[in-house]
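Below is one structure, written out as structure tokens, with a few remarks after it.
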Amino acid sequence: MSEGMICRNPGGAPMRAMLGMADVLLASPDRRIICDRLAEGHRADPAGRCEHPVHADRPERHPCSLVRLVRLVDGLGRAVETS
Ligand SMILES: [Zn+2]
């Protein structure tokens, strides 16, 4: 797989921004609180899309990229803490 394939992320936040955010979250002692706040309001509407107003211009299926990022970071953080 070429680098272009890995970095392309159509419809979502740019991959570099996502990774930067994950990095900051993982390093923060308040990770759980921040993760909870970030995911707040990101729920599925009856059509299966995330109903958070942040997606008003560009609808995303639930779980949206932000919820997936938060879940990923939370999972990584737990793995680091228990090892
Ligand atoms: Zn969302």
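First residue of the sequence shown? That's 27 in the working numbering, and the numbers climb one at a time after it. We put the CB at the ideal spot given by N, CA and C, even for glycine.
- Taking a contact to require three or more Cβ pairs closer than 8 angstroms, the region 74 to 81 and the region 53 to 64 do not qualify as touching.
- Contact between ALA48 and VAL99 is confirmed by a C-beta separation of about 5 angstroms, below the 8 angstroms threshold.
- At the C-beta level, ARG87 and GLY101 stay beyond 9 angstroms of one another.
- By the neighbour-count criterion, in which 16 or more other beta carbons inside 10 Å mark a residue as buried, ALA65 falls on the buried side.
- Per DSSP, reduced to three states, the secondary structure at ALA105 is helical.
- With 16 or more other Cβ atoms from the protein chains shown falling within 10 Å of its own Cβ, VAL93 counts as buried.
- PRO85 places its beta carbon 9 angstroms or farther from that of HIS68.
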